[in-house]
């Protein structure tokens with residue numbers, strides 16, 4: 056088959072949402088299919104993309120030079136047309152000769168897969184939206200993240216519904232994300248399925264639990280993006296006197312635009328001797344020495360690090376967001392904060408702290424739970440489901 060793949064990721068060069076489409080393309084190439092990929096161009100592209108290029112994958116990049124054109128279309132559409140979205144699509148049609156996606160919409164394309172880091176990113180790209188509304192190619196969406204509480208700023212209800220009605224199938228990474236999207240769109244989505252992300256572990260075996268001695272090592276592994284990952288709320292909780300007096304270290308692993316903000320917040324809350332920004336290392340190297348893994352997320356899908364932490368036998372503290380409570384039973388595999396607010400996160404952390412002797416056994420239970428969820432071949436499973444939808 057001839058397959059076109061689009062990644063709408065724009066805020067970061069790479070993230071957890073990119074792993075599934077990457078392995079999907081890799082799997083398809085290995086099994087005789089032909090893939091074309093469109094994504095944003097970054098100065099330092101992940102090296103793993105070179106492996107796809109060597110295997111014959113053709114890449115088309117959204118150049119940063121197009122940013123001005125996108126902004127101009129947005130500006131003119133909002134000011135010159137009674138229906139702004141209709142106007143923007145007309146302008147995109149006039150400028151189709153610079154559309155970065157045109158070569159993905161060829162007559163021999165069997166289907167297109169669009170991977171969205173957040174559920175509604177497709178409509179943000181007027182060139183892509185213009186083409187999907189003209190094509191007869193079967194379209195499939197992967198929707199990785201969504202907010203349980205609020206629709207995105209400027210959410211266009213009618214236009215979003217139009218896009219979702221065009222697709223042949225939608226994949227979500229958790230049941231809760233599917234339910235939330237159907238509520239936000241006020242419609243039942245046809246042909247939906249749960250897609251499981253690959254894990255970034257070279258070894259999914261149980262990792263011996265570290266000796267339970269002080270200082271206890273607590274870790275957060277997430278992009279430095281506090282709007283979605285909630286590290287700032289966690290730091291606010293830990294600024295309380297009771298937490299400052301306790302023997303632990305918190306290591307924040309990751310990278311992202313909020314690195315300076317988090318560093319300043321650590322100083323603001325006077326947590327320099329407790330909390331450390333550690334950048335990025337291999338996932339297994341982060342999880343092995345950890346006593347407890349914390350995910351203070353504000354919005355999610357099904358975070359890779361949650362599955363990874365549970366697979367290697369580490370208990371977690373999570374927020375009751377998106378798919379995380381589908382995997383973690385409170386008090387059995389970890390501890391759940393009722394919402395991503397300081398008072399609830401503090402309550403969950405306090406319960407965890409008081410049950411330190413149970414952490415190792417809880418991690419073992421978490422591993423057994425994760426093994427029932429884990430999909431060893433997520434790319435193959437995704438292709439099989441798409442093939443079923445097509446038939």
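Residue numbers (our numbering): 56 to 446. Even glycine gets a Cβ: it sits at the ideal position worked out from N, Cα and C. All values derive from a computational prediction rather than experimental measurement.
Assign residue i to one of three DSSP states: helix, strand, or coil.
i           : result
residue 304 : strand
residue 228 : coil
residue 315 : helix
residue 413 : helix
residue 218 : helix
residue 150 : coil
residue 171 : strand
residue 91  : strand
residue 275 : strand
residue 421 : helix
residue 392 : strand
residue 248 : strand
residue 447 : Since the first and last residues shown for the chain are 56 and 446, residue 447 lies out of range.
residue 398 : helix
residue 349 : strand
Determine the closest residue to residue i out of the options, with distance taken between C-alpha atoms.
i           : options            : result
residue 216 : 242, 339, 197      : 242
residue 182 : 325, 206, 117      : 117
residue 299 : 329, 344, 352      : 329
residue 324 : 364, 294, 353, 166 : 294
residue 413 : 386, 355, 253      : 386
residue 237 : 219, 250, 251      : 219
residue 207 : 248, 143, 175      : 175
residue 161 : 214, 347, 123, 60  : 60
residue 410 : 279, 435, 307, 390 : 390
residue 407 : 349, 137, 434, 427 : 349
residue 435 : 253, 310, 159      : 253
residue 405 : 185, 392, 125, 154 : 392
Using the Cβ count rule (16 or more neighbours within 10 Å means buried), how would you classify residue i?
i           : result
residue 373 : buried
residue 128 : buried
residue 141 : exposed
residue 250 : buried
residue 398 : exposed
residue 143 : buried
residue 346 : buried
residue 335 : exposed
residue 239 : buried
residue 199 : buried
residue 152 : exposed
residue 315 : exposed
Once you ignore the five residues that flank residue i on each side, which residues in its own chain have a CB closer than 8 Å to its CB?
i           : result
residue 269 : 302, 303
residue 344 : 265, 272
residue 211 : 140, 178
Skipping 5 residues on each side, what residues in its chain have a beta carbon closer than 6 Å to that of residue i?
i           : result
residue 95  : 65, 117
residue 357 : 228, 229, 378
residue 232 : 201, 356, 377
residue 68  : 97
So, for residue i: in the same chain, excluding its five sequence neighbours on each side, which residues have a beta-carbon less than 7 Å away from its beta-carbon?
i           : result
residue 57  : 89, 163, 164, 165
residue 83  : 58, 90, 438
residue 318 : 332
residue 172 : 63, 64, 70, 72, 199, 200
Could you tell me whether the stretch 332-351 touches the stretch 255-262, using the rule of 3 or more Cβ pairs below 8 Å? yes
Between the stretch 134-151 and the stretch 100-115, can you find at least three pairs of beta-carbon atoms closer than 8 Å? no
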